[in-house]
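Quick note: the sequence shown uses this note's numbering, first residue 1, plus one each step. Where a beta carbon is used, it is the ideal one built from N, C-alpha and C, also for glycine. From a predicted model like this one, the values you see are computed outputs, not experimental measurements. Report on one structure; see the data block that follows.
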Amino acid sequence: PLKITSSSVARGLDDVRRRDALEWLIQAFDALDFPDTELFSAFALLDRFAALAPAPIPVGPGAFAVVLAAMVIVIKTNGTHRFLERAKRLVAEVSGSSQPWPSVRKAELCMLQRVDFCVCTPTSRDLLDRLVMEAAQTTAQLAQEGETWDADCHDKCADLAKFLLELGLVHEPEALYGPGHPPLAQAIAALLLAMLVLRAPWKCVKQLCDATRMREAGSQAVVNLMEAMRERWCQEERRGSSGDNGSAVLEKWLRRKGGSLGVAPPLACDLDYLLLGGVLDLAEETTVTAAVRVAAGVQRQHAACRGSQCGNRRSEARTSNIIAALPTPARQRGGGMRGRNSQASVSTTTSAAVALEQRQQQQQRQQQAHQQTFASNLSASPRSANGKVSWTAANA
Numbered sequence: 001p002l003k004i005t006s007s008s009v010a011r012g013l014d015d016v017r018r019r020d021a022l023e024w025l026i027q028a029f030d031a032l033d034f035p036d037t038e039l040f041s042a043f044a045l046l047d048r049f050a051a052l053a054p055a056p057i058p059v060g061p062g063a064f065a066v067v068l069a070a071m072v073i074v075i076k077t078n079g080t081h082r083f084l085e086r087a088k089r090l091v092a093e094v095s096g097s098s099q100p101w102p103s104v105r106k107a108e109l110c111m112l113q114r115v116d117f118c119v120c121t122p123t124s125r126d127l128l129d130r131l132v133m134e135a136a137q138t139t140a141q142l143a144q145e146g147e148t149w150d151a152d153c154h155d156k157c158a159d160l161a162k163f164l165l166e167l168g169l170v171h172e173p174e175a176l177y178g179p180g181h182p183p184l185a186q187a188i189a190a191l192l193l194a195m196l197v198l199r200a201p202w203k204c205v206k207q208l209c210d211a212t213r214m215r216e217a218g219s220q221a222v223v224n225l226m227e228a229m230r231e232r233w234c235q236e237e238r239r240g241s242s243g244d245n246g247s248a249v250l251e252k253w254l255r256r257k258g259g260s261l262g263v264a265p266p267l268a269c270d271l272d273y274l275l276l277g278g279v280l281d282l283a284e285e286t287t288v289t290a291a292v293r294v295a296a297g298v299q300r301q302h303a304a305c306r307g308s309q310c311g312n313r314r315s316e317a318r319t320s321n322i323i324a325a326l327p328t329p330a331r332q333r334g335g336g337m338r339g340r341n342s343q344a345s346v347s348t349t350t351s352a353a354v355a356l357e358q359r360q361q362q363q364q365r366q367q368q369a370h371q372q373t374f375a376s377n378l379s380a381s382p383r384s385a386n387g388k389v390s391w392t393a394a395n396a
């Protein structure tokens, strides 16, 4: 049910009103301390309702009743009695009417009928939580082997992936939904981008990018979604640094993380480099050419030497490994993976181990400078401009 298209969502609810509705839900759920999983269920319910709408959702009080109905339905379905009572009090406070419930009940019934009463459908956040759980098992194995990637690193990676998924879903529906991308592709893209940024071990990346899983999600879709999330992350951080009103998603996660995410978004060229520098055995994938298989073979030789000849560069070589077989946007712009581009990709892969140390040092300097600039311009107070309510726990 969640494999919907961006065009169908836009027909029922335009991008500006959709973003306002989702950001209001973010503020409300965060203030009332509702779980993020329920927030994503509300997102999904509202988007499915819009995608199935025969006409655009009307502007006015009825539209806000739809947003309130999505919140109430999700809490009724998955929340506790205490959560439901808090949601009801919030509806009474923000509805602007002495009798808000007739319109909210009407919106609830209309929403349930339109989605055929299928409310408890898995969201991309549910799938991400499952992928994070699997990655935790891999992390535990690495900890037993003496690796530096421990539970704290895993938790930081999981939080970053959750932030990226939420940011992309709120601000980039055209990219994340696209022509009908499966929710699994969204979840993999968020976690994979987080692993790349935080230099997760190759074993974690390999476990995430299982060949069967990648074929189901669509390797090209995963790459495109990663780039969309990365670009939106860069845009929102620039807006925050300039003092403009930023995303409610970014503000929420900055509050949770003590004012800083602890890492800066990678540059587009760095993301392309990391995508090119790794290995994924997709021999059955039609997009894999002979040149890519050769490049993968070269990387396996580098991996084989890590224990004996690579010495101190063991972890550095491992962290750059990621999906050589995936067709990145840079390769598409260059005309595919044939002829000179195929030779260039092989050449780039074979020289990756040599250039890796210099590139990582440069990226670390860029990230440190970016973080210092960003942290110095952060606003300590939550947003309350543009008519959006800055909810606090007292509103509960």
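8 angstroms Cβ cutoff met for residue i and residue j
i: L46; j: A28; result: no
i: M214; j: L164; result: no
i: L160; j: L208; result: no
i: A194; j: C157; result: yes
i: G12; j: A53; result: yes
i: A268; j: N224; result: no
i: S103; j: A65; result: yes
i: V74; j: A21; result: no
i: L142; j: K206; result: no
i: I57; j: Y177; result: no
i: V249; j: E166; result: yes
i: E108; j: V72; result: yes
i: L39; j: R86; result: no
i: L192; j: P266; result: no
i: P173; j: D15; result: yes
i: D129; j: T139; result: no
i: A185; j: A217; result: yes
i: S124; j: A187; result: yes
i: E227; j: L271; result: yes
Local Cβ density within 10 Å of residue i, reported as buried at 16 or more and exposed below that
i: C118; result: exposed
i: T148; result: exposed
i: H181; result: buried
i: T212; result: exposed
i: V9; result: buried
i: G246; result: buried
i: R256; result: exposed
i: P179; result: exposed
i: G62; result: exposed
i: G259; result: exposed
i: S219; result: buried
i: G240; result: buried
i: L84; result: exposed
Cβ separation of residue i and residue j, assumed to be a contact under 8 angstroms, to the nearest whole Å
i: P183; j: L127; result: 6 angstroms
i: L232; j: G168; result: Here residue 232 turns out to be Arg, not Leu, going by the sequence shown. Confirmed, Cβ separation roughly 6 angstroms.
i: R19; j: V170; result: 6 angstroms
i: C110; j: T77; result: About 16 angstroms separates the two Cβ atoms, so there is no contact after all.
i: L198; j: C153; result: 7 angstroms
Terminal residues of the alpha helix (DSSP H) in which residue i lies
i: H81; result: H81 to V94
i: K76; result: P61 to N78
i: W149; result: Counting along the chain, W149 falls outside any alpha helix (DSSP H), and DSSP gives it neither H nor E.
i: T37; result: D36 to A51
i: F29; result: D15 to A31
i: T212; result: A211 to A217
i: L208; result: W202 to L208
i: A10; result: S6 to G12
i: V197; result: P183 to V197
i: E251; result: A248 to R256
i: A55; result: Premise fails: A55 is in no alpha helix (DSSP H) and is neither H nor E.
i: E174; result: P173 to Y177
i: K106; result: W101 to R114
### the stretch 82-99 touching the stretch 23-41, judged by at least three CB pairs closer than 8 angstroms
Because the criterion of three Cβ pairs below 8 angstroms is met, the stretch 82-99 and the stretch 23-41 touch.
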